[in-house]
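A.B. asks: Once you know that position 197 of the sequence shown is 206 in the numbering used here, the rest is easy, because the numbers rise by one and skip nothing. Here it is: the structure, laid out below.
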Amino acid sequence: MSTAPVTIRDVAKAAQVSVATVSRVFNRPNLVTAALRARVQDAADRLGYLADGAARALASRRSRAIGAIVPTLDNPVFAACIDALQQRLDEHGFALLIASAGYDAARETREVRVLLERGVDGLMLVGADHPSAVWALIERRRPAVPVVVTWSGEASRSTVACIGFDNRAAARRLVDHLLQLGHRRIAMIAGPTTGNDRAMARVAGVREALSAVGIALAPPYLTERPYTVPDGHAAALVLLSLPEPPTAIVCGNDHLALGALAGVRSLGLSVPHDVSVCGFDDLDFAAYASPPLTTVRVPAAEMGRRAADCLAAAAGRTEPPATALLEAPVMLRGSTGPPPGHRATARAPAATVTRPPRRRGTLRRAGGGPTEGPSAPR
10 MSTAPVTIRD VAKAAQVSVA TVSRVFNRPN LVTAALRARV QDAADRLGYL
60 ADGAARALAS RRSRAIGAIV PTLDNPVFAA CIDALQQRLD EHGFALLIAS
110 AGYDAARETR EVRVLLERGV DGLMLVGADH PSAVWALIER RRPAVPVVVT
160 WSGEASRSTV ACIGFDNRAA ARRLVDHLLQ LGHRRIAMIA GPTTGNDRAM
210 ARVAGVREAL SAVGIALAPP YLTERPYTVP DGHAAALVLL SLPEPPTAIV
260 CGNDHLALGA LAGVRSLGLS VPHDVSVCGF DDLDFAAYAS PPLTTVRVPA
310 AEMGRRAADC LAAAAGRTEP PATALLEAPV MLRGSTGPPP GHRATARAPA
360 ATVTRPPRRR GTLRRAGGGP TEGPSAPR
């Protein structure tokens, strides 16, 4: 039995195609048909052929790999983005290298260094707020290694593209909905804001919407908690034990909101009759919570797909990836309603929001499309 390594020529012969065709299948799969890719891959699998990635990268100075760093893979919203990113990169003929920073600045810096040292052809980051050491590492490899920031409304550096949404405007739309229902005692369970521009923007949006009607957002009505269900539960218990408890609670993500729902129920109160609760993300469970959760729909998968398209197109070139600002509509469901005492006079919740900067926001009733209308009281 021969132990000689299988070569690209062996694969070409078995697939009855040229060596150049086999090379295109493995290096530029988007340039060949699906049938031809399958034919060549079948021949390679039968022969046990593995492309020499190190040699290929050395010859082309490209690894055909994209790096992505997310705060955590424990949250389904980031997993949805990564899944979409990987599927679309595969269509472009790129592999994906993933790292999780755990909301830790030093760890994120290490992961960026490792990915760049591995020779990735592009990099996806979450949020625009990163340690100066991260930006220093990135600038050393630009423009050869394009970078796309996701989850943020705008990149903090003009040389970096942004494919995200306006967290601040989305949070304002959520609070405008509560104000239109008649709520005035509105509290927020925010995620940790240190080093997290998304959490900071959501707090800013809530604060701006309340300030517009003369209401301040400050402790004890504002609290920061880790993004977990138990922390949402504990925070809700504290808020509802205040001498003047809130009639509505805005949560920094859906996990906190799910915990808050449980906390309200544990006190013998009902949602939304006694307290309204809303979240941020629109995870799968949000529509099936009890009651279904009013929340902001984060375009996680769309960000992943667009980031893949931009990075694949920009890899190896000097022009930067394209920037895109995506919609993040509020999904109206059963967890929000008028506050106690307003039921007789309150009108039905309006499917409308104030206009965010540069575009009109959208708010959707579950099962329906976006509508627009008058803005909330100012």
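Note that the Cβ used here is the ideal one computed from N, Cα and C, for glycine as well.
(1) What residues in its chain sit with their C-beta under 8 Å from that of Leu146, if we drop five residues either side in the sequence?
(2) Measuring straight from C-alpha to C-alpha, what distance separates Ala170 and Val157?
(3) Which two residues bound the contiguous alpha helix (DSSP H) that contains Asp54?
(4) Run through the segment 168-243 for me and flag every whole beta strand (DSSP E) of 3 or more residues, listed as ranges in chain order.
(5) In chain order, what residues of the same chain lie with their CB nearer than 6 Å to the CB of Asp290, ignoring the 5 residues before and after it?
(6) Under DSSP, the alpha helix (DSSP H) around Arg119 begins and ends at which residues?
(7) Where does Leu335 sit, in a helix, a strand or coil, going by DSSP?
(8) Could you give the DSSP three-state label for Phe87: helix, strand or coil?
(9) DSSP three-state call for Asp99: helix, strand or coil?
(10) By the three-class DSSP mapping on this structure, what secondary structure does Leu134 have?
(11) Ends of the beta strand (DSSP E) at Arg306?
(12) In the structure shown, what three-state DSSP assignment does Ala142 receive?
(13) Have a look at Thr30 and Arg73 and give me their C-alpha separation to the nearest angstrom.
(14) Using the Cα positions of Val305 and Gly288, report the straight-line distance between them to the nearest angstrom.
(15) Sorted by chain position, which residues of the same chain lie with C-beta nearer than 6 Å to Met197's C-beta, five sequence neighbours on each side aside?
(16) Is the segment 242-254 in contact with the segment 212-226, if contact means three or more CB pairs nearer than 8 Å?
(17) So for Leu278, helix, strand or coil by DSSP?
(18) When the Cα atoms are used, what is the spatial distance from Ala88 to Pro349?
(19) Checking 8 Å against the spacing of the C-beta atoms, do Leu219 and Val273 come in under that value?
(20) Look at Thr256 and Val284 and say whether their C-beta atoms are less than 8 Å apart.
(21) Go ahead and pull the three-state DSSP assignment for Gly162.
(22) Would you report the Cα separation of Ala179 and Ser161, rounded to the nearest angstrom?
(23) Can you name the start and end residues of the beta strand (DSSP E) that Ala298 belongs to?
(24) Would Val26 pass as a contact of Ile17 if the rule is Cβ separation under 8 Å?
(25) Excluding sequence positions up to five away, which residues of its chain have a Cβ less than 8 Å from the Cβ of Leu45?
(26) Between Cys90 and Gly313, is the Cβ-Cβ spacing less than 8 Å?
(27) Short of 8 Å in beta carbon distance, which residues of its chain neighbour Arg177, apart from the five on each side in sequence? Order them along the chain.
(28) Quick check on the burial criterion: 16 or more other C-beta atoms within 10 angstroms. Buried or exposed for Met10?
(29) Taking C-alpha atoms, which residue in Leu341, Asp318, Glu336, Arg342 lies nearest to Met133?
(30) What would DSSP say about Val286, mapped onto helix, strand or coil?
(31) Which residues bound the alpha helix (DSSP H) around Leu320?
(32) Report buried or exposed for Asn39, applying the criterion of at least 16 other Cβ atoms within 10 angstroms of its Cβ.
(33) Would Ile107 and Ala77 be called neighbours here (beta carbons separated by less than 8 Å)?
C.D. replies: Walking through what the data contain:
(1) Cβ neighbours of Leu146 beyond the five flanking positions: Thr118, Val121, Arg122, Leu125.
(2) Taking C-alpha positions only, Ala170 is separated from Val157 by approximately 5 Å.
(3) The continuous alpha helix (DSSP H) containing Asp54 extends over residues 43-56.
(4) Note on the segment 168-243: whole beta strand (DSSP E) runs with a minimum of 3 residues are 170-173, 195-199, 231-233, in chain order.
(5) Here the set comprises Val86, Asn262, Asp263, Val307.
(6) Start and end: 114-126.
(7) Three-state DSSP puts Leu335 in coil, outside helix and strand.
(8) Looking at Phe87 - three-state DSSP - the assignment turns out to be helix.
(9) If DSSP states are grouped into helix, strand and coil, Asp99 belongs with the helices.
(10) Here Leu134 sits in strand by DSSP.
(11) Here the beta strand (DSSP E) through Arg306 covers 303-306.
(12) DSSP places Ala142 in helix when its eight states are reduced to three.
(13) Each residue's CA atom was taken as its position, placing Thr30 and Arg73 some 18 Å apart.
(14) Near 7 Å, if we compare the C-alpha coordinates of Gly288 and Val305.
(15) The answer, listed in chain order, is Val215, Leu231, Val259.
(16) Between the segment 242-254 and the segment 212-226, the count of C-beta pairs closer than 8 Å stays below three; the two stretches do not touch.
(17) Note: Leu278 maps to coil in three-state DSSP.
(18) Ala88 and Pro349: Cα-Cα distance of roughly 38 Å.
(19) Contact flag unset, no.
(20) If you check the CB distance, Thr256 and Val284 come in under 8 Å.
(21) In the three-state DSSP reduction, Gly162 falls in the coil class, being neither helix nor strand.
(22) Cα to Cα, the separation comes out at about 12 Å.
(23) For Ala298, there is no enclosing beta strand (DSSP E), as DSSP marks it with neither H nor E.
(24) In this structure, Val26 sits away from Ile17, with a CB-CB distance that is not shorter than 8 Å.
(25) Excluding sequence neighbours, Leu45 sits near Val26, Thr30, Val34.
(26) For Cys90 and Gly313, yes; Cβs fall inside 8 Å.
(27) Same-chain partners within the cutoff: Gly162, Ala210, Arg211, Ala213, Gly214, Glu217, Pro365.
(28) Caution is warranted here: a pLDDT of 43 is assigned to Met10, below 50, making its placement in the model unreliable, and no coordinate value can be reported.
(29) Per the Cα distances, Asp318.
(30) DSSP, reduced to helix, strand and coil, places Val286 within a strand of the structure shown.
(31) Start and end: 309-323.
(32) Classification of Asn39: exposed, given that the 10 Å Cβ count is below 16.
(33) Going by C-beta atoms, Ile107 is nearer than 8 Å to Ala77.
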